[in-house]
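**Student:** All letters in the sequence shown, in the order written, are residues 1442 to 1491 by the working numbering.
Backbone N, C-alpha and C fix where the C-beta goes; we use that ideal spot for every residue, glycine too.
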Amino acid sequence: NKALADDLGVEGVPFYMVGDRAVPEDGDGLYDALVARVADVRKSGCRIKC
């Protein structure tokens, strides 16, 4: 929904969230960014109820 997208600062699609963290990278850096975010959530947990 547009209100949620506005609150999250979404500027376009695709838009990725891992846990409570946005993944702003795209293109060549996307896979590595997703892997890093997943590892971080696994290590530190999610700050919101996921």
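What does the alpha-carbon distance come out to for the pair D1469 and K1490?
**Tutor:** One C-alpha to the other measures close to 30 Å.
**Student:** Are V1459 and V1476 touching if we call contact CB-CB under 7 Å?
**Tutor:** No. Outside cutoff.
**Student:** Which same chain residues end up closer than 6 Å to R1462 when comparing Cβ atoms and leaving out the 5 residues on each side of it in sequence?
**Tutor:** Hits under 6 Å: R1478.
**Student:** In angstroms, rounded to a whole number, what distance separates the CA positions of S1485 and Y1457?
**Tutor:** Roughly 19 Å between the two C-alpha positions.
**Student:** With DSSP collapsed to three states, give me the class of V1464.
**Tutor:** DSSP places V1464 in strand when its eight states are reduced to three.
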